[in-house]
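Asker:
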Amino acid sequence: NRSYDGDAFVTLFARRGGKDVIILDADGTPLQSTCSTKRTFLYVSNLKPLLFMARNVVRDLDPSNDITFMRIRSDIGEIHMTIGTEFILIIVQRFKRKAVTAS
Amino acid sequence: MSAEVEEMLKRLQNYKNIIGIVVIDNDGIPIKTTLEYTTTLHYAAVMHMLRQKASQAVLDLDGTNEFTLLRMRTLYHEVILCTQGDYFIVVLQSPCD
């Protein structure tokens, strides 16, 4: 039930540098994912506390405010997390390596 | 060097979308800020914790990776947290839309 071979969104997304898509429900339980269960679990167990902590931070600073989107950037890629009312979407992206020229 | 830093902060602050800038060192103490005092302390404490957590999360996911930037979009504004070795900078901006 997890075959994404013909899925246009996933293939176009992978071509653009996207690596993984994980869909969670509002509590943070993984619903669907393009990577293996073990890897999904690794991502979710690291990113879910961070996401909820960031949400608490935002609400602590201003109680009427709420987080909608979070983007983490590192040396080799980016992770985007979108919070909706019913779902949380996590997208992992890898940067394409540029050719390094000797200076 | 300090004059350059001041000039850079002033230049950043003059963008019309920027609400405030806080520069925080690795212990969570704000070094430079454009917000008022109590707000700055609040931001420094909270962003310091968040930065530690994010750094740990990225490191756990991939041991060679290092987190450089964190961007949070909230209902009213956007918070950008950028790491730079000995310190990190938090910028608060209102989005263009």
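Read top to bottom, the protein sequences are chains A and B.
Going by the working numbering, the residue at position 90 of the first sequence is 134; the numbering climbs one at a time, nothing skipped.
Going by the working numbering, the residue at position 47 of the second sequence is 56; the numbering climbs one at a time, nothing skipped.
In this text, a Cβ means the ideal position worked out from N, Cα and C, and glycines have one as well.
Bear in mind that the values here come from a model prediction, so they are computed numbers and not experimental data.
1. For chain A, check one thing: does any of its Cβ atoms lie closer than 7 Å to the Cβ of residue 75 (chain B)?
2. Using a beta-carbon distance cut-off of less than 7 Å, what residues from the region 116 to 146 of chain A approach chain B?
3. Closest by CA to residue 38 (chain B), which one among B:95, B:63 and B:104?
4. Sort out for me which residues DSSP pairs residue 96 (chain B) with in a bridge.
5. Under a three-way DSSP split, which group does residue 124 (chain A) fall into?
6. By DSSP, does residue 130 (chain A) sit in helix, in strand, or in coil?
7. Quick test of your reading: residue 78 (chain A) and residue 64 (chain A), contact by CB under 8 Å. State the CB separation rounded to the nearest angstrom.
8. Run down chain A in chain order and give the residues with a C-beta less than 7 Å from the C-beta of residue 66 (chain B).
Answerer: With the given structure in hand:
1. Working through the second sequence from its first residue, we reach residue 75 (chain B) at position 66. Yes, residue 75 (chain B) lies at the interface with chain A (some Cβ there is under 7 Å from its Cβ).
2. 116, 117, 118, 119 and 120
3. Translated into positions along the second sequence, residue 38 (chain B) becomes position 29. Among B:95, B:63 and B:104, the Cα nearest to that of residue 38 (chain B) belongs to B:95.
4. By 1-based counting over the second sequence, the position of residue 96 (chain B) is 87. Paired residues: B:34 and B:93.
5. Taking the first residue of the first sequence as position 1, residue 124 (chain A) is located at position 80. In the structure shown, residue 124 (chain A) sits in a strand (DSSP, three-state: E or B).
6. Numbered from 1 along the first sequence, position 86 holds the residue referred to as residue 130 (chain A). In the structure shown, residue 130 (chain A) sits in coil (DSSP, three-state: anything other than H, G, I, E or B).
7. The residue given as residue 78 (chain A) occupies position 34 in the first sequence. The residue given as residue 64 (chain A) occupies position 20 in the first sequence. At roughly 5 Å, the Cβ-Cβ gap stays under 8 Å, so residue 78 (chain A) and residue 64 (chain A) are in contact.
8. Along the second sequence, read from residue 1 onward, the residue named residue 66 (chain B) stands at position 57. Residues of chain A passing the Cβ test: 90, 91 and 94.
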